[in-house]
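For reference, the structure discussed in these notes is given below.
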Amino acid sequence: MLISFNQLTHFAIHATDGDIGGCKDILFDDQDFVIRYFYADTNTWLPLSRKVVLPPIAIIKLETDDKKIHVNMTRKELKDSPSIDEHKPVSREYEETLFKYFGYGYYWIGPGAWGDFAHPTELANVDLDKAQQDGHTNVVNHLRACSEVQGYEVALGEDETGHVEDFLIDPQSWQVQLIVIDTHNWMPNGKKFVIAPSHVEKIDWSSHKVGVKLDKDALLSQPEIDMDRIQDESYIAELMAQVR
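Numbering (the working numbering), first residue to last: 7 to 250.
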């Protein structure tokens, strides 16, 4: 089963003692292609709609039918969490402060997308003294908003063949498994198809373009996507096998 970024922006986020708002946006790592944070739209809850940032580590349950994300903290814990300016990027320094506040191990310690673990929730139960001792780093993170990349042109040299339409995400590992490309604006009888994150060569933030490693024929031969079937595990397995 996969879930799309577009779907998640219609989900409500629930603390252990009540609703805190909806999912406003998602930040992903443009190197590992994994979801790092959710932005909660707190307009109806907090004054001045202060931005609340939540890592997937906090998620205890995802209800796709009811469109709810349940997190393992109270409204007060979220209200008192480290604040961040709406218009400033999430820095590594802020990440360290946030993770210390929540009591989570750092995802950037270890070889994998979630450090030494396969799933983000495992970072909620680590040796915090060791994590904080080993965790400080001056390495810059690679966080980008899905809403920012959505709409970027897919470039093959000087040619564009489509634009980024959506991201398909594994709700267990929070890995971006597939990227949906729409070609309707560039060619007659265009289609929506998927590519793997490994096909992405470069995301150019200044020109709003995504460069890929495929030539035009290979790009356009990727499988079409039926968005109504992305929660069908057999369909997704078959689709993933066709991506080459």
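All residues carry an ideal CB built from backbone N, CA and C; glycine is no exception.
| Asked | Found |
| --- | --- |
| Beta strand (DSSP E) containing P42: first to last residue? | According to the sequence shown, residue 42 is Arg rather than Pro. Segment 41–47, the beta strand (DSSP E) holding R42. |
| Quick check on the DSSP output: what are the complete beta strand (DSSP E) runs of length 3 or more inside the region 70–157, in order along the chain? | 74–77, 149–151 |
| Helix, strand or coil for A224, going by three-state DSSP, please let me know. | helix |
| Give me, in chain order, the residues of the same chain whose beta-carbon lies closer than 7 Å to that of R235; leave out the 5 immediate sequence neighbours on both sides. | Y241 |
| Hey, out of K215, R42, A247, whose CA is closest to E154's CA? | K215 |
| Per DSSP, what are the beta-bridge partners of D210 in this structure? | K215 |
| Please report how far the alpha carbon of T189 lies from the alpha carbon of R250, in whole angstroms. | 18 Å |
| Would you decide whether N147 is buried or exposed? Buried here means 16 or more other CB atoms lie within 10 Å of its CB. | buried |
| Could you check whether the region 203–219 touches the region 75–87, counting it as contact only if at least three pairs of C-beta atoms, one from each stretch, sit closer than 8 Å? | no |
| Which residues bound the beta strand (DSSP E) around L184? | 182–188 |
| Report yes if the C-beta distance between S10 and L174 is below 8 Å; otherwise report no. | yes |
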